[in-house]
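Numbering (our numbering), first residue to last: 65 to 211.
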């Protein structure tokens, strides 16, 4: 019985490189960096005021916006990526995975990270990044065709 408890303890806190909360590496399919607004503004609106954000997408080539606005609004997050198709693909994937996990297991798996701790691995000196503050978020779509 004690062996089982010890094994459970070891699995509970994963200190290996598989733990992305310690050894964070952005992936092409599940990471969107935000260029504007600044983190303080994002945090205040999202956490302090409890309001949501929209994600602005750069216009596609040959695309015309009926409203004439080709720039992000005040309540829109601007991704670092400038390829609208890439942004849509990432958002769809994040939406599907987070919705599926919540429906199947009741677990929220989508977070916005505020700040990264940059440190070096003892011994190897390898550079490592770890998220400092994670805020659970939910992606919503306007309709089934929107990203």
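Glycine is no exception: its CB is placed at the ideal position from the N, C-alpha and C atoms.
At which residue ranges does the segment 94-126 contain complete beta strand (DSSP E) runs of 3 or more residues, listed in the order of the chain?
Those beta strand (DSSP E) runs which fall completely within the segment 94-126 and span 3+ residues are 98-100.
Have a look at 174, 87, 114 and flag the residue whose alpha-carbon is nearest the alpha-carbon of residue 155.
It is 174.
I need the DSSP call for residue 140, collapsed to helix, strand or coil.
Strand, per DSSP.
Does residue 143 pass the burial test, meaning 16 or more other C-beta atoms within 10 Å, or should it be called exposed?
So residue 143 counts as buried.
Please state the DSSP three-state secondary structure of residue 181.
Residue 181 falls in the strand class under three-state DSSP.
In angstroms with no decimal places, state the Cα-to-Cα distance between residue 183 and residue 193.
Each residue's Cα considered, the two are about 6 Å apart.
The beta strand (DSSP E) with residue 196 in it runs from where to where?
Per DSSP, residue 196 belongs to the beta strand (DSSP E) from 191-200.
Rounded to whole angstroms, what's the CA-CA distance from residue 202 to residue 191? Just pull it up for me.
Those two C-alpha atoms are separated by around 31 Å.
Hey, how far is the Cα of residue 176 from the Cα of residue 137?
Taking the straight line joining both Cα atoms gives about 20 Å.
Using the C-alpha atoms, what's the distance from residue 69 back to residue 95?
C-alpha separation (whole angstroms): 35 Å.
Give me whichever residues DSSP pairs with residue 166 in a beta bridge.
In DSSP, residue 166 forms no bridge with anything.
Relative to the C-alpha of residue 161, which candidate in 204, 83, 116, 125 has its C-alpha closest?
Among 204, 83, 116, 125, the Cα nearest to that of residue 161 belongs to 204.
Just verifying my parser: in three-state terms, what is the DSSP assignment at residue 175?
In this structure, residue 175 counts as strand in the three-state DSSP scheme.
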